[in-house]
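Worksheet: the structure to be examined is printed underneath.
Protein chains in written order, with my numbering: chain A, 2 to 114; chain B, 9 to 122.
Next comes the structure, spelled out in structure tokens:
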């Protein structure tokens, strides 16, 4: 059983560019959340998708947007990249109607230069 | 505003001894707490959780204690092993019985020495 998979694992972008990160949830999970982890910090919640809609959102600007597909996979898009967007981006999946732990992918390391 | 705090950035413990990692929270709406372990270049891995209706949960070498009145939880690892060396994150959720966002602390780096 594949767990949560993210692609790509590493990415280098230039300021002002746009980036798309991808996530496939663990089998049987229908809810995907995205987190940003800056160096030396804990993961910060960006948003959560369920039934192809954004269900919750953290304190991130509109430059951060997402999408969930019918197969429950998800994308995170960041526009007009800033140097401060450099971080590890983590995807987590869960089943919405169960009080169980979130499973995380290995993350995508984004570097903005 | 840091709603979940891990005030010890690092901890060093000898193999075989007990490791105690602490976490404090401020939001009284949190009702489910989790500990995650993270190795470099990997995503966080779930370790153990506790609901606010309990004060203790045990799983093998890992025990989590919750003191609701003090808004404090701790993770005990006994005996500590070198493979336990990692960064440990405390996380909290106000879940209402469904999947909800996690609020994380800044982590404690545990080093288990021989």
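Just so it is clear, CB atoms sit at the ideal spot from N, CA and C, and this is done for glycine as well.
With distances taken Cα to Cα, identify the nearest neighbour of residue 24(B) among 95(B), 87(B), 109(B) and 71(B).
Looking at the Cα atoms, 87(B) is the closest of the given residues.
For residue 78(B), count the other beta carbons within 10 Å of its own beta carbon; 16 or more makes it buried, fewer makes it exposed. Which is it?
Exposed.
Just to make sure I have the definition right: I need the residues of chain A whose C-beta is within less than 7 Å of the C-beta of residue 71(B). Which are they?
Neighbours of residue 71(B) on chain A: none; closest Cβ ~17 Å, over 7 Å.
How is residue 40(A) classed by DSSP in three states: helix, strand or coil?
Here residue 40(A) sits in coil by DSSP.
Kindly list the residues whose CB is nearer than 6 Å to the CB of residue 49(A), restricted to its own chain and excluding five residues on each side of it in sequence; keep chain order.
Closer than 6 Å at Cβ, skipping near neighbours: 34, 56 and 57.
Is there at least one Cβ from chain A nearer than 8 Å to residue 29(B)'s Cβ?
So no, residue 29(B) is outside the interface.
Which residue marks the beginning of the beta strand (DSSP E) containing residue 110(A), and which one marks its end?
That run of the beta strand (DSSP E) goes 109-113.
Does any residue of chain A bring its CB to less than 8 Å from the CB of residue 81(B)?
Cβ-Cβ to chain A under 8 Å: no for residue 81(B).
Over the uninterrupted beta strand (DSSP E) stretch that includes residue 96(B), give me the two end residues.
That run of the beta strand (DSSP E) goes 94-101.
Between the region 81-99 of chain B and the region 29-47 of chain B, are three or more C-beta pairs nearer than 8 Å?
Cβ pair count under 8 Å is three or more, so yes.
My understanding is that residue 22(A) touches residue 109(A), with C-beta atoms under 8 Å, so please give their C-beta distance in whole angstroms.
Their Cβ separation, rounded to whole angstroms, is 5 Å, which keeps residue 22(A) and residue 109(A) in contact under 8 Å.
Using only alpha-carbon positions, find the residue among 54(B), 76(B) and 29(B) that is nearest to residue 17(B).
Closest option to residue 17(B), Cα to Cα, is 29(B).
Spatial neighbours of residue 37(B) within its chain, please: C-beta separation below 6 Å, excluding the five flanking residues on both sides.
Closer than 6 Å at Cβ, skipping near neighbours: 102.
Could you tell me the distance, in whole angstroms, from the CA atom of residue 97(A) to the CA atom of residue 122(B)?
If I take the Cα positions, the gap works out to 42 Å.
Classify residue 85(A) as helix, strand or coil using the three-state DSSP reduction.
Residue state, collapsed to three classes: helix.
Quick check: is the beta carbon of residue 96(A) nearer than 8 Å to any beta carbon in chain B?
So, interface residue.
Along chain A, in chain order, which residues have C-beta atoms closer than 7 Å to that of residue 112(B)?
43 and 44, listed in chain order.
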